[in-house]
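Okay, so here's the structure we're looking at.
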Amino acid sequence: MAILNVTPTRMELSRLRKRLGTATRGHKLLKDKQDELVRQFIQMVKKNQTLRKEMEQALYQGMEGYVLASSSIPDHVLQEAFAIPLNTVSLDVQSKSIMNTEVPVLNTMFKEETDVDDFSYGFMSTTSELDVSLGHLESILPLMLQLAEIEKTCQLIGKEIESTKRRVNALEYLTIPNLTDTIQYIENTLDENERGNVTRLMKVIDILEAETEE
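When we follow full-length UniProt numbering, the leftmost residue of the sequence shown carries the number 1, and every step to the right adds one.
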């Protein structure tokens with residue numbers, strides 16, 4: 001470790017002790033923050049994996065039903081089935097703080113079109129597979145939006161974890177050891193100076209006593 005370039009005085013010693021106390025408390029707070037961010041990150045990753053599986057399953061089932069339906073339904077009927085949306089979606093992007101890290105919050109509102117039937121196509125010309133397919137595909141959008149929110153949150157928390165880790169390491173392996181070594185150096189220097197002063201004082205006393213005896 002390195003000794004800081006300071007003057008070994010009692011005032012400097014007091015100042016460095018205060019700095020060491022502040023650095024030690026800051027290290028603990030940052031370490032606690034890092035641990036909590038890691039815990040939140042792990043939770044988000046698990047939730048992300050669960051949502052991704054749900055979305056992939058819904059997509060697979062939707063496409064499976066679509067393939068089955070397309071084998072027996074004319075192309076123009078399929079185009080009509082997908083041409084008119086059953087719902088409109090509004091998206092409001094807000095934010096929240098996780099351990100002083102701003103992350104996005106996607107608030108979605110799905111509004112059913114009142115002038116559209118449950119399905120915008122005739123039942124006589126379609127099959128039940130198409131109904132099932134549309135149901136699965138319709139459920140994908142909310143999952144995609146949740147995934148987008150969680151993946152962005154994971155990205156931001158991951159960056160904050162790295163930043164916090166660097167600060168923790170800087171305090172733990174650089175600032176605190178340097179301050180500790182410098183404080184020890186000043187204490188040793190002051191002790192040596194004190195012993196030197198005592199020795200000189202004793203010599204002066206001996207000289208004065210010798211002169212008095214003469």
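Glycine residues also receive a C-beta, built at the ideal position from the N, C-alpha and C atoms.
Query                                                                                                                                                    : Result
Which same chain residues, not among the five before or five after residue 132, have their C-beta less than 6 Å away from its C-beta?                    : 65
With respect to the alpha helix (DSSP H) encompassing residue 87, which residues constitute its N-terminal and C-terminal limits?                        : Careful: residue 87 lies outside any alpha helix (DSSP H), inside the beta strand (DSSP E) at 87–98.
What's the C-alpha gap between residue 147 and residue 46?                                                                                               : 12 Å
Buried or exposed for residue 164, please, with buried defined as at least 16 other CB atoms from any protein chain shown within 10 angstroms of its CB. : buried
Report the three-state DSSP secondary structure of residue 103 (helix, strand or coil).                                                                  : strand
Are the beta-carbon atoms belonging to residue 157 and residue 23 less than 9 Å from one another?                                                        : no
Run the CB neighbour count on residue 179, radius 10 Å, all protein chains shown included, and call it buried at 16 or more, exposed below.              : buried
For residue 7, name the three-state secondary structure that DSSP assigns.                                                                               : coil
Between the Cα of residue 154 and those of 138, 38 and 73, spot the shortest distance and give me the residue it belongs to.                             : 38
Within 8 Å, do at least three Cβ pairs link the stretch 15–35 to the stretch 182–191?                                                                    : yes
Rounded to the nearest angstrom, what separates residue 116 and residue 87 at their Cα positions?                                                        : Confidence at residue 116 is low in this model, with a pLDDT of 48, below 50, so the placement of that residue should be treated as unreliable; the coordinate-derived value is given next. Taking the straight line joining both Cα atoms gives about 9 Å.
If we count the other Cβ atoms within 10 Å of its Cβ and call it buried at 16 or more, is residue 136 buried or exposed?                                 : buried
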